[in-house]
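Enquirer: If you scroll down you'll find the structure; I have some questions about it.
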Amino acid sequence: MYFRELKTHYINRWWMALLRSILSFSVGILMLLLPGTTTVALLWIVGIALIIDALMIALPLVLGRITTHVWKIMLAREVGQIALGLLLLFDIEVGFELIVILLSLLMLFRAIVELILFVELPMSARNRAWLLITAGLFAALAIGGLIAVFTNSLLDIRFIALYLIVGGVSHLLGTLRSRQRFLEVEAYEQAILGDDAIPDPGATARKPLPPPDRTFLLPHINAAKYRKIVVFSPHPDDLEAFVGGLAYRLSGEVVSVVFSGGDKGRWAHQFETMDDGMYIRARLEESEQAAQILGVSEINYLGYLDREVPVNEGAVQKVLHMLNVHRPDLVVSFEFNKRATPYPHPDHLATANVVRKAMARYEQAETLDYFVTATLLPNHFIDITGVRRLKLDALACHTTQTDLNKLIFPFLEKLFTRLWGTFSGVDYAEGYRMVNIKAMRERLRAAE
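Numbering-wise, the sequence shown is residues 25 to 472 according to this note's numbering.
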């Protein structure tokens, strides 16, 4: 169901953003005027929607189309979703309080992220002040919501209502100001996608320039700066999932280096008995299809198996060989700090640390930029608003991973691209941390 979203035309339409803003504002007003009726109706709608969505996603499990690898993930998610839906239907008071708690925790998380950015990132005094103010506001709202849960249910309703009203007004003003921006994005999408939203290989290969980047609090990556880019990724689909927008936006030649063939990532029965070598070849062929969409010129597989990527001298030498062959002016890999990544998969951390060690020893490292993705501490962003559908179309080429991706990817992808978009002043963005290579070398020497 998620990838069908890519074939529709509502994602970046300004009138849909306007409609969502008006709907949010209207529901907030109704909750203030008719708190009881509006709250009950809203909870029933949400509860029914959660149950229907869970049943639709769980259908492949009932039909026996998926493997036990994904079965456990699906069971935990869908049982929890159905339980929450039933709770909203049959115990409205508890369900409503649970929603307030979850919303408060989400705002508290955003406040914490903004405080981390306030401390870690260099920026002007004015921007630091605004960042501190917004972090304080979100923290206050979060604490107020948690207090409301344990005091008076009417305060709960007012908390939700005010959140919806303020959010609706904010988005409404932003949409009206950004109408021209939405129209630019529509025109850009039309230049690279047909009416049926199927990429035209001839058009995507030309990589038409998207609308100019808008800066807000944090810097955008200059996509036209780099001529040769090497992306080191743990698995065949990780470039598309984490770096797809940047890979397409870059005007230079993009080379992909894949560490692991992902042979253990089998989520559908038709692949369960396939030979490891054949399955890896199938996954790499999917990468080649995705590369045609994103404009990736070359894919190199280093030969490691899933969850067996070593952090040793041999792996470092392979990375150094790739760097010496391609001589990039931009290297992209994954976050090597385990506490700073939302996805600490062993292959991700191993890949990140191998590349880190190689970059510390690479003689030409001072002449290039080094970005890491899958990080909670980004300091550079790339606007992917106009190319997000291409990124997700490329990810959809990995049909062997569809059963897993449709479970975990929709929420995480939207969460982080919208969050980083908020920080960078656009609708959707990918976040990267530029690594200070000199400081990294000193830390590695001190650790030896």
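Every residue gets a Cβ at the ideal spot worked out from N, C-alpha and C, and that includes glycine.
These figures come from a predicted structure and were not determined experimentally.
Does Ser275 come out as helix, strand or coil in the three-state DSSP assignment?
Expert: Note: Ser275 maps to coil in three-state DSSP.
Enquirer: Helix, strand or coil: how does DSSP classify Leu329 here?
Expert: Residue state, collapsed to three classes: coil.
Enquirer: When we look at the beta-carbon of Met383 and count the other beta-carbons within 10 Å, is it buried (16 or more) or exposed?
Expert: The residue in question, Met383, is buried, as its Cβ has 16 or more Cβ neighbours within 10 Å.
Enquirer: Taking all protein chains shown into account, decide if Ala107 is buried (16 or more other Cβ within 10 angstroms of its Cβ) or exposed.
Expert: Exposed, since its Cβ has fewer than 16 Cβ neighbours within 10 Å.
Enquirer: Give the single residue among Arg380, Glu437, Glu121 and Thr409 whose Cα lies nearest to the Cα of Ala463.
Expert: Out of Arg380, Glu437, Glu121 and Thr409, Arg380 has the C-alpha closest to the C-alpha of Ala463.
Enquirer: Please name the residue in Leu274, Gln313, Leu308 and Ile136 whose C-alpha comes closest to that of Leu401.
Expert: Measuring from the Cα of Leu401, the nearest candidate turns out to be Ile136.
Enquirer: Identify the continuous beta strand (DSSP E) that holds Lys252 and give its terminal residues.
Expert: It spans Lys252 to Ser257 - the beta strand (DSSP E) in which Lys252 sits, taken as one unbroken run.
Enquirer: When burial is assigned at 16 or more other CB atoms within 10 Å of the CB, is Arg230 buried or exposed?
Expert: Here the model assigns Arg230 a pLDDT of 48, short of 50, so the residue's position is not dependable and the matter cannot be decided.
Enquirer: Going by other Cβ atoms of all chains shown within 10 Å of its Cβ, with 16 needed for buried, is Arg467 buried or exposed?
Expert: With fewer than 16 Cβ atoms within 10 Å of its Cβ, Arg467 is classed as exposed.
Enquirer: What does the alpha-carbon distance come out to for the pair Asp220 and Met40?
Expert: Here the model assigns Asp220 a pLDDT of 45, short of 50, so the residue's position is not dependable, and the following value carries that caveat. Their backbone Cα atoms lie some 19 angstroms apart in a straight line.
Enquirer: Any idea which residues DSSP pairs Glu322 with across the strands?
Expert: Answer is Val279.
Enquirer: Any contact between the segment 162-173 and the segment 408-424? By contact I mean 3 or more CB pairs, one from each, below 8 angstroms.
Expert: The segment 162-173, when compared against the segment 408-424, does not touch it at the 8 angstroms Cβ threshold.
Enquirer: What do you get for Met131, buried or exposed, if any count of 16 or more other CB atoms within 10 angstroms of its CB means buried?
Expert: Label assigned to Met131: buried.
Enquirer: Using only alpha-carbon positions, find the residue among Ser284, Arg134, Ile46 and Ile123 that is nearest to Leu66.
Expert: For the residues Ser284, Arg134, Ile46 and Ile123, the minimum Cα distance to Leu66 belongs to Ile123.
Enquirer: What residue does the beta strand (DSSP E) around Thr397 start on, and which one ends it?
Expert: Per DSSP, Thr397 belongs to the beta strand (DSSP E) from Asp393 to Thr397.
Enquirer: Is DSSP giving Asp219 helix, strand or coil here?
Expert: Unreliable positioning characterises Asp219 in this predicted model, as indicated by a pLDDT of 46, which lies under 50. A coordinate reading is not provided.
Enquirer: Here's a check: name, in chain order, each residue in its chain whose Cβ is nearer than 6 angstroms to the Cβ of Ala314, leaving out the five neighbours to either side.
Expert: Taken in chain order, the residues that qualify are Glu264, Ala418 and Cys421.
Enquirer: Shortest alpha-carbon distance to Val103 belongs to which of Phe120, Asp115, Leu113 and Ala78?
Expert: The residue with the shortest Cα to Cα distance from Val103 is Ala78.
Enquirer: Got a sec? Which residues, its chain only, sit under 6 angstroms from Gly286 by beta carbon, not counting five neighbours each side?
Expert: Excluding positions up to five away in sequence, the list reads His259, Pro260, Arg307 and Asp330.
Enquirer: Does the segment 334-353 touch the segment 430-443, meaning 3 or more C-beta pairs lie closer than 8 angstroms?
Expert: No: fewer than three Cβ pairs fall under 8 angstroms.
Enquirer: Which same chain residues end up closer than 6 angstroms to Leu270 when comparing Cβ atoms and leaving out the 5 residues on each side of it in sequence?
Expert: Result list for Leu270: Ile406 and Glu454, in chain order.
Enquirer: Within 10 Å of its beta-carbon, does Met55 have 16 or more other beta-carbons around it, so buried, or fewer, so exposed?
Expert: Buried, because 16 or more other Cβ atoms sit within 10 Å of the Cβ of Met55.
Enquirer: If you run the structure through DSSP and keep just helix, strand and coil, what is Gly269?
Expert: Here Gly269 sits in helix by DSSP.
Enquirer: Between which two residues does the alpha helix (DSSP H) containing Val355 stretch?
Expert: Unbroken run through Val355 is the beta strand (DSSP E), Leu354 to Phe358; no alpha helix (DSSP H).
Enquirer: Between the alpha carbons of Lys391 and Leu74, how many angstroms are there, rounded?
Expert: Note on identity: in this sequence residue 391 is Thr, with Lys being the wrong assignment. Approximately 51 angstroms, taken between the alpha carbons.
Enquirer: From what residue to what residue does the beta strand (DSSP E) around Phe435 run?
Expert: It is not in any beta strand (DSSP E) - Phe435 instead sits in the alpha helix (DSSP H) that spans Thr426 to Ser448.
Enquirer: Check whether the Cβ atoms of Arg457 and Val396 sit closer than 8 angstroms, and answer yes or no.
Expert: Yes, they are a contact pair.
Enquirer: From Thr409 to Ile245, what does the alpha carbon distance come to, in whole angstroms?
Expert: So the alpha carbons of these two residues sit roughly 14 angstroms apart.
Enquirer: Can you check which of these residues, Ile157, Lys249, Lys288 and Tyr187, is closest to Gly168 by C-alpha distance?
Expert: The residue with the shortest Cα to Cα distance from Gly168 is Tyr187.
Enquirer: Within a Cβ cutoff of 8 angstroms, which residues of the same chain sit near Asp299, ignoring the five residues on either side of it in sequence?
Expert: Hits under 8 angstroms: none found.
Enquirer: Bridge partners of Arg307, per DSSP?
Expert: Arg307 pairs with nothing; no bridge assigned.
Enquirer: DSSP three-state call for Asp407: helix, strand or coil?
Expert: Correct three-state label for Asp407: strand.
Enquirer: Taking the alpha-carbon positions, what's the Leu126 to Lys438 distance?
Expert: Distance between the alpha carbons of Leu126 and Lys438: 17 angstroms.
Enquirer: Taking C-beta to C-beta, are Ala376 and Glu359 nearer than 8 angstroms?
Expert: Yes, the Cβ-Cβ distance between Ala376 and Glu359 is below 8 angstroms.
Enquirer: Pull up the DSSP beta-bridge partners for Met458, would you.
Expert: According to DSSP, which records beta bridges pairwise, Met458 is partnered with Phe395.
Enquirer: May I ask you to report which of helix, strand or coil DSSP gives Ala248?
Expert: Reduced to three states, the DSSP call for Ala248 is coil.
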